[in-house]
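**Q**
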Amino acid sequence: MTELTDGTPIEIFPHPTLNTVQGMVYEPDSINTDETVIAKNLKSQDVQAVRRIKKRVDGKLKNTPLLILSFHGTELPDHVYFGLLRIEVRAYYPSPLLCFNCGTYGHPRKSCSQPGICLRCSSPLHLAEGEQCENTPHCFHCRKDHSIRSRECPKYKEEDKIIHIKVDRGISFGEARRIYNEENRRETIARVIQNQLKQEIATKDQLIASLQKQVAELAKELASIKSALREPQQPLTQTTSPKETQSSATTSKTQHKSRKDESFVSPPAKRKDNRDKGTDNSYRTRSRSNKRELGMSATGDLRGRISNHSDASSSGTSLTCNNG
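If you number the sequence shown the way the working numbering does, the last residue is 359 and the count never jumps.
1) Check whether the region 82-90 touches the region 98-116, taking contact to mean three or more Cβ pairs, one atom from each stretch, closer than 8 Å.
2) Leaving out five residues on either side along the sequence, give the residues of the same chain with a beta carbon under 8 Å from the beta carbon of Glu46.
3) Assign Ser65 to buried or exposed, taking buried as 16 or more other Cβ atoms, counted over all protein chains shown, within 10 Å of its Cβ.
4) Measure how close the beta-carbons of Cys174 and Ser157 come, nearest whole angstrom, since I'm counting them as under 8 Å.
5) Taking C-beta to C-beta, are Leu162 and Gly151 nearer than 7 Å?
6) Would Glu166 pass as a contact of Phe117 if the rule is Cβ separation under 7 Å?
7) Tell me the rounded alpha-carbon separation between Cys246 and Ala254.
8) Taking C-alpha atoms, which residue in Ile200, Lys95, Phe48 lies nearest to Cys127?
9) For Asn54, which residues of its own chain have a beta-carbon under 8 Å away from its beta-carbon, when the five flanking residues on both sides are left out?
10) Using the Cβ count rule (16 or more neighbours within 10 Å means buried), how would you classify Gln57?
11) Excluding the five sequence neighbours on either side, which residues of its own chain have a C-beta within less than 7 Å of the C-beta of His114, listed in chain order?
12) What residue range is occupied by the uninterrupted beta strand (DSSP E) comprising Pro172?
13) Taking the beta carbon of Arg220 as the centre, do at least 16 other beta carbons fall within 10 Å, making it buried, or is it exposed?
14) Which same chain residues, not among the five before or five after Thr139, have their C-beta less than 8 Å away from its C-beta?
15) Taking just the CA atoms, how far does His181 sit from Ala211?
16) What runs of the alpha helix (DSSP H), each 4 residues or longer, lie entirely inside the region 51-92?
17) Buried or exposed for Glu235, please, with buried defined as at least 16 other CB atoms from any protein chain shown within 10 angstroms of its CB.
18) Alpha carbon to alpha carbon, how far is Arg184 from Lys95? Give it in angstroms, no decimals.
19) Kindly indicate the opening and closing residues of the alpha helix (DSSP H) around Val202.
20) Cα separation between Asp195 and Cys188?
21) Is it right to say Arg155 is buried, meaning 16 or more other beta carbons lie within 10 angstroms of its own, or is it exposed?
22) Return helix, strand or coil for Ala163, following the three-state DSSP convention.
23) For Val72, count neighbouring C-beta atoms within 10 Å of its own C-beta (all shown protein chains included) and say buried if the count is 16 or more, exposed if not.
24) Which same chain residues, not among the five before or five after Cys137, have their C-beta less than 8 Å away from its C-beta?
25) Mark Ile197 as exposed unless 16 or more other C-beta atoms lie within 10 angstroms of its C-beta, in which case mark it buried.
26) From Arg226 to Gly205, what does the alpha carbon distance come to, in whole angstroms?
27) Since Lys192 contacts His176 with CB under 8 Å, what's their CB separation in whole angstroms?
28) Check Thr109 in the structure and name its three-state DSSP category.
29) By how many angstroms is the C-alpha of Ile228 removed from the C-alpha of Gln241?
30) When you compare only the Cα positions, how much space is there between Tyr215 and Glu70?
31) For Lys145, name the three-state secondary structure that DSSP assigns.
32) May I have the straight-line CA-CA distance separating Arg91 from Asn67, to the nearest angstrom?
33) According to the neighbour-count rule (16 or more other Cβ atoms, all chains shown, within 10 Å of its Cβ), is Leu77 buried or exposed?
34) Decide if Val82 is buried, meaning its Cβ has at least 16 other Cβ atoms within 10 Å, or exposed.
35) Measuring only the C-alpha atoms, how far is Pro131 from Gly141?
As structure tokens, then:
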């Protein structure tokens, strides 16, 4: 098809990258074989181009057994045949494309229009071709102390992940970069949430440990209280002062209890012996029924009188005893 229905001329050609896939094979027997010869022999297996990976040894490039094969289509075959040998095909992930002129990723040095910088110290280019910089390494991508070409640089790792997304999903670099940015943003949010959860869990663990410690202390106190309650109680002893003892002894000698209300009453004061004066000192006691009286004279005579009273008459019988 060269034109549209209205006569507009068009040209159709395949996409330079999306319609081809690259794979890598290890074939040491063809290490010295020319790449064009290998491509011609593999053309029947949809091989479009062949490129050999080389390494620099003592300033010279030398061939390696690794070959990069470009296949037509969008799917990578599992194997290819080198003659009668069946060789496995693995996915090829190219290294991030770094510009050796400006130090940024995504374009080669040939197509760079930016001013050159030193790839070691990130300062403007200050050395002639072939000279080595002696300054401290510094990367302007991540602001760390390493050269721009270091594979430990976070920027290099980011570009490498984007290449893996492109190759695995068969999409363009722009689409792969967009997917990486979205996934990285989700990963960042998830990391923040995870850190918050870790902090909350750590706080709860500290609280639980503190409560467990308090419970253990309370259990010890409770055990000590129980052991104290189980021990036999000693009788309580009351100490009295000498003054209290003397006072109680005096009270017991000078007071006696009344038979009615059990209160302490003092006995009648002792009188001097007045026999010479003839004074009659009598001790009169009365029984509960008020029926007996006992008297004693000053000379030692005991007089007793017992009266019996009846409720009907006022007559009675009296008994008098003279001791002498």
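Note that the Cβ used here is the ideal one computed from N, Cα and C, for glycine as well.
**A** By the coordinates alone:
1) The region 98-116 and the region 82-90 touch, with three or more beta-carbon pairs separated by less than 8 Å.
2) The residues Thr37, in chain order, have a CB closer than 8 Å to that of Glu46 in the same chain once the five nearest residues on each side in sequence are set aside.
3) Ser65 is buried by the Cβ-count criterion.
4) Between Ser157 and Cys174 the Cβ distance is about 6 Å, and since that is below 8 Å, they are a contact.
5) One thing to note: Leu162 has its Cβ no nearer than 7 Å to the Cβ of Gly151.
6) Their beta carbons are not under 7 Å apart, which means Glu166 does not touch Phe117 by this criterion.
7) Residue 246 is actually Leu in this sequence, not Cys. Answer to the nearest angstrom: the Cα atoms are 12 Å apart.
8) Note that residue 127 is Tyr in the sequence shown, not Cys. Per the Cα distances, Ile200.
9) These residues qualify, in order along the chain: His107, Gly108, Thr109.
10) Flag for Gln57 reads buried.
11) These residues qualify, in order along the chain: Arg121, Ile122, Glu123, Val124.
12) Unbroken run through Pro172: none, as it is neither H nor E.
13) Exposed, because fewer than 16 other Cβ atoms sit within 10 Å of the Cβ of Arg220.
14) Answer for Thr139: Leu133, Gln149, listed in chain order.
15) Straight-line Cα distance between these residues: approximately 27 Å.
16) Complete alpha helix (DSSP H) runs here, min 4: 70-76.
17) With fewer than 16 other beta carbons inside 10 angstroms of its own, Glu235 counts as exposed.
18) Spanning the two alpha carbons is a distance of roughly 21 Å.
19) For Val202, the uninterrupted alpha helix (DSSP H) segment begins and ends at 189-204.
20) Each residue's alpha carbon lies about 11 Å from the other.
21) Burial check for Arg155: the Cβ neighbour count within 10 Å reaches 16 or more, so the residue is buried.
22) Here Ala163 sits in coil by DSSP.
23) Looking at its Cβ environment, which holds fewer than 16 other Cβ atoms inside 10 Å, Val72 is exposed.
24) Sequence-distant Cβ neighbours of Cys137 in its own chain, meaning closer than 8 Å and more than five residues away, are Cys147, Gln149, Pro150, Gly151, Ile152.
25) Burial call: buried.
26) The alpha-carbon atoms of Arg226 and Gly205 are separated by roughly 29 Å.
27) Not confirmed; about 11 Å, so no contact.
28) In this structure, Thr109 counts as coil in the three-state DSSP scheme.
29) Approximately 20 Å, taken between the alpha carbons.
30) Spanning the two alpha carbons is a distance of roughly 35 Å.
31) Of the three classes helix, strand and coil, the one that applies to Lys145 here is coil, per DSSP.
32) A straight line joining the alpha-carbon of Arg91 with that of Asn67 spans about 16 Å.
33) Buried, since its Cβ has 16 or more Cβ neighbours within 10 Å.
34) Around the Cβ of Val82, a 10 Å sphere holds 16 or more other Cβ atoms; the residue is buried.
35) The straight-line gap from Cα to Cα measures roughly 7 Å.
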